[in-house]
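Presented below is the structure to which this report refers.
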Amino acid sequence: MAKIITVWGNPGSGKSMFCCILAKALTRDKKKAIIINGDSSIPMLPVWLPEQIVETGASLGQVLSSVEIDTSLVASHVTVLKNYPFIGLMGYCGGENPLSYPEISYQMVLQLITSAAKLVDFVILDCPSNMTNVFTPAAIESGDITVRILTPDLKGVNYLKAHQPLLTDARFHYSNHLTFAGMARPFHALDEMGYIIGGFDGLLPYGKEIDRCATEGGMFRALNYCNPKYTLALNKILDMLDQEPAGQEAGEFIPAGQAKDDKEADIHEQFE
13 MAKIITVWGN PGSGKSMFCC ILAKALTRDK KKAIIINGDS SIPMLPVWLP
63 EQIVETGASL GQVLSSVEID TSLVASHVTV LKNYPFIGLM GYCGGENPLS
113 YPEISYQMVL QLITSAAKLV DFVILDCPSN MTNVFTPAAI ESGDITVRIL
163 TPDLKGVNYL KAHQPLLTDA RFHYSNHLTF AGMARPFHAL DEMGYIIGGF
213 DGLLPYGKEI DRCATEGGMF RALNYCNPKY TLALNKILDM LDQEPAGQEA
263 GEFIPAGQAK DDKEADIHEQ FE
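The numbering of the sequence shown is our numbering, which starts it at 13 and goes up by one.
This is the structure:
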């Protein structure tokens with residue numbers, strides 16, 4: 013069973029970029045990872061893959077609106093990165109919005125996560141900032157490691173104050189979450205903001221090169237531009253995962269709308 017890393021926090025804190033960087037770091041030794049982005053208000057598939065046409069049938073909404081979710085259904089809706097064949101993506105397609113599908117069930121999100129965890133070594137859950145989207149609390153409940161990323165400013169502080177009361181139930185293991193300062197800049201009052209929220213476990217500094225990767229549709233190249241402080245925070249996650257017992261051997265996933273034939277063997281043979 014895969015290790016599940018949940019990433020949540022306030023809007024604009026760099027959650028999705030961190031998930032991409034983490035996925036690249038986790039798959040350098042050919043282990044397999046899936047990033048699942050549950051935000052239907054900002055479809056991420058066209059952001060991740062601006063030059064690749066992704067069919068609507070690949071949408072996460074298709075999975076979450078199914079009668080039942082199993083590993084076969086999840087595997088058929090994973091889009092594999094052509095340049096990084098050990099990373100799979102699940103999210104919403106361009107043009108979709110929160111009204112494109114029926115209301116999401118909390119239990120269906122849990123089924124999705126459980127099924128995805130049987131396919132790969134790591135599942136990275138990129139959560140919507142809106143806690144009323146049931147994907148986020150379900151992802152927090154499921155996480156083996158949970159990271160909250162907050163901008164070290166009044167927006168981040170007040171986001172945390174607003175959402176902390178929603179996570180008091182023991183199943184959310186709130187006190188065990190790591191807290192990273194996202195998009196940190198030199199002018200941020202890190203010490204003061206850290207004191208208010210109980211301290212930062214790591215810094216994810218803003219970088220022009222990382223920002224450029226995001227705006228140019230190359231989020232998975234950003235690992236090459238992480239400064240030492242960003243890398244130090246990233247290594248905390250990697251060290252924690254190294255201390256966890258190894259899971260069972262991962263299965264195979266195949267991109268949505270594609271059959272496993274000889275033409276595609278070069279992409280998928282590494283998942284067999």
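Glycine included, C-beta positions come from ideal geometry on N, C-alpha and C.
(request) Let me know if residue 157 comes out buried or exposed under the rule of 16 or more other beta-carbons within 10 Å of its beta-carbon. (result) Position 145 of the sequence shown, counted from the first residue, corresponds to residue 157. Residue 157 is buried by the Cβ-count criterion.
(request) Would you list the residues sitting across from residue 20 in a DSSP beta bridge? (result) For the purposes of this step, residue 20 is taken as residue 8 along the sequence shown, with counting starting at 1. According to DSSP, residue 20 shares a beta bridge with 160.
(message) Since residue 16 and residue 100 should fall inside the 8 angstroms C-beta cutoff, what is the C-beta to C-beta distance between them, to a whole number of angstroms?
(response) The residue given as residue 16 occupies position 4 in the sequence shown. The residue given as residue 100 occupies position 88 in the sequence shown. Cβ-Cβ separation between residue 16 and residue 100: approximately 14 angstroms, too far for a contact (criterion under 8 angstroms).
(message) What does the alpha-carbon distance come out to for the pair residue 177 and residue 207?
(response) Residue 177 sits at position 165 when you count from the first residue of the sequence shown. Residue 207 sits at position 195 when you count from the first residue of the sequence shown. The C-alpha of residue 177 lies about 19 angstroms from the C-alpha of residue 207.
(request) Per DSSP, which residues does residue 196 bridge with? Please list them. (result) Here residue 196 corresponds to residue number 184 of the sequence shown, with the count starting at 1. Partner(s): 217.
(message) DSSP has residue 138 in a bridge; who is on the other side?
(response) Residue numbering aside, residue 138 sits at position 126 when the sequence shown is read from its first letter. The beta-bridge partner set that DSSP reports for residue 138 consists of 19 and 49.
(request) Give me whichever residues DSSP pairs with residue 191 in a beta bridge. (result) Taking the sequence shown and counting its residues from 1, the one referred to as residue 191 is at position 179. Partner(s): 160.
(message) What does the Cβ neighbour count give for residue 174, buried or exposed, with the cut at 16 atoms within 10 Å?
(response) Start at 1 with the first residue of the sequence shown, and residue 174 comes out as number 162. Around the Cβ of residue 174, a 10 Å sphere holds fewer than 16 other Cβ atoms; the residue is exposed.
(request) Let me know if residue 216 comes out buried or exposed under the rule of 16 or more other beta-carbons within 10 Å of its beta-carbon. (result) What you label residue 216 is simply residue 204 of the sequence shown in a count that begins at 1. By the 16-neighbour rule on beta-carbons within 10 angstroms, residue 216 is buried.
(request) For residue 100, decide whether its Cβ has a neighbour in chain B, counting only Cβ atoms nearer than 8 angstroms. (result) Judged by its chain identifiers, the structure shown contains no chain B, having just a single protein chain.
(message) Measuring alpha carbon to alpha carbon, tell me which residue in 193, 111 and 244 is nearest residue 160.
(response) For the purposes of this step, residue 160 is taken as the residue at position 148 of the sequence shown. In terms of Cα proximity to residue 160, the closest of 193, 111 and 244 is 193.
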